[in-house]
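So the sequence lines, in the order shown, correspond to chains A and B.
Quick note: the first sequence uses the numbering used here, first residue 1, plus one each step.
Quick note: the second sequence uses the numbering used here, first residue 1001, plus one each step.
2 protein chains.
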Amino acid sequence: MTAQPFPISGIVASRRPHRKDAARNYDALLAAAREAFAEHGAEASLEDIARRAGVGIGTLYRNFPTRRHLFESVYADEVDALCQVALEVAEREPWEALTSWLRRFVDYTVTKRAIREALDNESEIFLTCRDSMYQAGGPLFERAQKAGEARADMDFDDLLRMVAGITSTNFLDDTQRDRVLTVALDGVRAAR
Amino acid sequence: MTAQPFPISGIVASRRPHRKDAARNYDALLAAAREAFAEHGAEASLEDIARRAGVGIGTLYRNFPTRRHLFESVYADEVDALCQVALEVAEREPWEALTSWLRRFVDYTVTKRAIREALDNESEIFLTCRDSMYQAGGPLFERAQKAGEARADMDFDDLLRMVAGITSTNFLDDTQRDRVLTVALDGVRAAR
DNA sequence: GTTGAAGCGGAGGTGTGCCTCCGTTACAGT
DNA sequence: ACTGTAACGGAGGCACACCTCCGCTTCAAC
């Protein structure tokens, strides 16, 4: 095993039980939980997780007394892996190293599909809403593009999703949300 | 009432019942649902919503046969209001009109706190994870800043939250996610 | 191989949410 | 005022998730 310079690494390693059967179950539970959380969000059924892992519900509770314990363990695993990646990219050019790490960050974050909604909007009314929304806001964006204020190589759908994504996260306070949104919008603004 | 040029507007209006008591209950249910969804996410208890609205559970089900109906109605209301705002800002300067509409979009989208997680991370282990994460990625960002590649007027926390936000939304496909992320990162890149 | 302790699993009690059904209530048209 | 009907509300049956408890099993130390 390589050096573990991150505080999380020790914690992750130390939590795994020693006995053979216990360690196997622990791993199975973590894998099942990661899958279940990705699929159903943070409210996934604990009994379902135990079932997926092929262990009894009692075993789940012995290893992870609360939902939070389980959730945290899964999360800690992800973070630990992500931290390792940072070491791997460290020798590249500054900007390139940063962005490739960020893109990995994205991949790992996908596990937090917990955050996402089940809104895959097949329904009639959602489509209508979308149409209305685009009909209302689209022209504003196109106008800005024609005035040379907004970059031409993206469309309104891109823009809405970008803003929605940034918005749907928790920030320390409104000041931070605004600051981040401003940064992103700088990216949308055409070079002049 | 002003003109309603958006397809959603008619739908929203036509769904409200005619009888006085029925209309009152309908309004109360929508208000309670908006509140409950904002507070507990899309899985908020329907019985709790009925309770908040001060009506029987039967009344909720008569107006909104499924959770989806209720959710859609709340959402449609938000969208409708947002569409109206687009008309109001239409006479301003192109870029200013766009961005002020977008900021309103943010406000209305906040209702979709449903998307957000209950992860307000008070716990010990979350803090440790965070420390590790920042310890791992922070230097990459600072290095990019020192090389003049990343703007100096934001910090790593801003950056992580921006990327996490964009990432946690659904996109049509990975191509779009990547495109949008690139746009936002253009905003992070220092002017040169 | 023996053995005792650590680990296992699932039955079952409790709570909560979903949704239906129907006796009662309140509106609105005459 | 009268009355038919639309709307109301909540009891109750069903399903499912949480979590505990304890008799049984498996490991590993000697």
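Every residue, glycine too, gets a C-beta built ideally from N, C-alpha and C.
Computed from a predicted model, the values in this text were never measured in an experiment.
{"Query": "Would you kindly work out how many angstroms separate the C-alpha atoms of S1168 (chain B) and R1177 (chain B), rounded to a whole number?", "Result": "10 Å"}
{"Query": "Going by beta-carbon coordinates alone, are R151 (chain A) and V180 (chain A) separated by less than 8 Å?", "Result": "no"}
{"Query": "Can you pull the chain A neighbours of I1166 (chain B), defined as C-beta to C-beta under 7 Å?", "Result": "M162, G165 and I166"}
{"Query": "Residue range of the alpha helix (DSSP H) that D21 (chain A) falls in?", "Result": "K20 to H40"}
{"Query": "Run the CB neighbour count on A1118 (chain B), radius 10 Å, all protein chains shown included, and call it buried at 16 or more, exposed below.", "Result": "Interpretation of A1118 (chain B) is limited by its pLDDT of 29, a score under 50 that renders its predicted location unreliable; no figure is taken from the coordinates."}
{"Query": "Rounded to a whole number of angstroms, what is the C-alpha to C-alpha distance between L1160 (chain B) and I166 (chain A)?", "Result": "10 Å"}
{"Query": "Indicate whether L1246 (chain B) and R1104 (chain B) have their beta-carbon atoms separated by less than 8 Å.", "Result": "Nothing about residue 1246 (chain B) can be read from this structure; chain B reaches only from 1001 to 1192."}
{"Query": "Along chain A, in chain order, which residues have C-beta atoms closer than 9 Å to that of T1066 (chain B)?", "Result": "Those within 9 Å of T1066 (chain B) in chain A number zero; the least Cβ separation is about 11 Å."}
{"Query": "With a 10 Å radius around its C-beta and 16 neighbouring C-beta atoms as the bar for buried, classify D27 (chain A) as buried or exposed.", "Result": "exposed"}
{"Query": "Listed from N- to C-terminal order along the chain, which residues in the region 1018-1049 of chain B have their beta-carbon within a distance smaller than 8 Å of any beta-carbon of chain A?", "Result": "A1042 and E1043"}
{"Query": "Using a Cβ-Cβ distance under 8 Å, would A1097 (chain B) count as near chain A?", "Result": "yes"}
{"Query": "Can you grab the Cα-Cα spacing for the pair R16 (chain A) / Y75 (chain A), in whole Å?", "Result": "15 Å"}
{"Query": "If the cut is a Cβ gap below 7 Å, which residues of chain A does G1187 (chain B) touch?", "Result": "V183, A184, L185, D186 and G187"}
{"Query": "Below 8 Å on C-beta distance, what does L140 (chain A) contact in chain B?", "Result": "A1086, V1089, A1090, P1094, A1097, L1098 and W1101"}
{"Query": "Give the DSSP bridge partners of A1150 (chain B), in chain order.", "Result": "B:R1189"}
{"Query": "Here's the rule: buried if 16 or more other CB atoms are within 10 angstroms of the residue's CB, otherwise exposed. What is S1014 (chain B)?", "Result": "exposed"}
{"Query": "What separation, rounded to the nearest whole angstrom, lies between the Cα atoms of R116 (chain A) and V183 (chain A)?", "Result": "With a pLDDT of only 39 at R116 (chain A), under the threshold of 50, the placement of this residue in the model should not be trusted; the figure read from the coordinates follows. So the two alpha carbons sit approximately 23 Å from each other."}
{"Query": "Tell me where the alpha helix (DSSP H) around G1165 (chain B) begins and ends.", "Result": "F1156 to T1167"}
{"Query": "Pick from B:K1146, B:N1170, B:E1078 and B:A1164: whose alpha carbon is nearest that of I1008 (chain B)?", "Result": "B:E1078"}
{"Query": "Find the nearest neighbour of A1022 (chain B) within the set B:L1046, B:G1058, B:F1037 and B:S1045, judged by alpha-carbon distance.", "Result": "B:G1058"}
{"Query": "Tell me where the alpha helix (DSSP H) around D1173 (chain B) begins and ends.", "Result": "First-last for D1173 (chain B): undefined, no H or E at that position."}
{"Query": "Please report the straight-line C-alpha distance between R52 (chain A) and E1149 (chain B), rounded to a whole angstrom.", "Result": "46 Å"}
{"Query": "Roughly how many angstroms lie between the CA atoms of D120 (chain A) and R19 (chain A), to the nearest whole one?", "Result": "Any reading at D120 (chain A) must be qualified, since the residue scores a pLDDT of 40, below 50, and its modelled position is unreliable; the value itself is stated next. Distance between the alpha carbons of D120 (chain A) and R19 (chain A): 43 Å."}
{"Query": "Pick helix, strand or coil for F1064 (chain B), following the three-state DSSP scheme.", "Result": "coil"}
{"Query": "Can you tell me whether P1094 (chain B) is helix, strand or coil according to DSSP?", "Result": "helix"}
{"Query": "Would you give the residue range spanned by the alpha helix (DSSP H) that G56 (chain A) belongs to?", "Result": "Note, G56 (chain A): premise wrong, no alpha helix (DSSP H); not H, not E."}
{"Query": "What is the DSSP secondary structure of E1043 (chain B), reduced to helix, strand or coil?", "Result": "coil"}
{"Query": "Does P1139 (chain B) come out as helix, strand or coil in the three-state DSSP assignment?", "Result": "helix"}
{"Query": "Apart from the five residues just before and just after I1049 (chain B), which ones in its own chain have a Cβ nearer than 6 Å to its Cβ?", "Result": "A1032, A1033 and A1036"}
{"Query": "Would you grab the beta carbon distance between F141 (chain A) and L1098 (chain B) for me? Rounded to a whole angstrom, and I think it's under 8 Å.", "Result": "6 Å"}
{"Query": "Are the beta-carbon atoms of R1143 (chain B) and P139 (chain A) separated by less than 8 Å?", "Result": "no"}
{"Query": "Please report the straight-line C-alpha distance between G10 (chain A) and D80 (chain A), rounded to a whole angstrom.", "Result": "9 Å"}
{"Query": "L1013 (chain B) versus chain A: which residues are under 7 Å apart at the beta carbon?", "Result": "According to the sequence provided, residue 1013 (chain B) is Ala. The question's Leu does not apply to it. Simply none; closest approach about 13 Å."}
{"Query": "Under 8 Å, Cβ to Cβ, is there at least one residue of chain A near A1152 (chain B)?", "Result": "no"}
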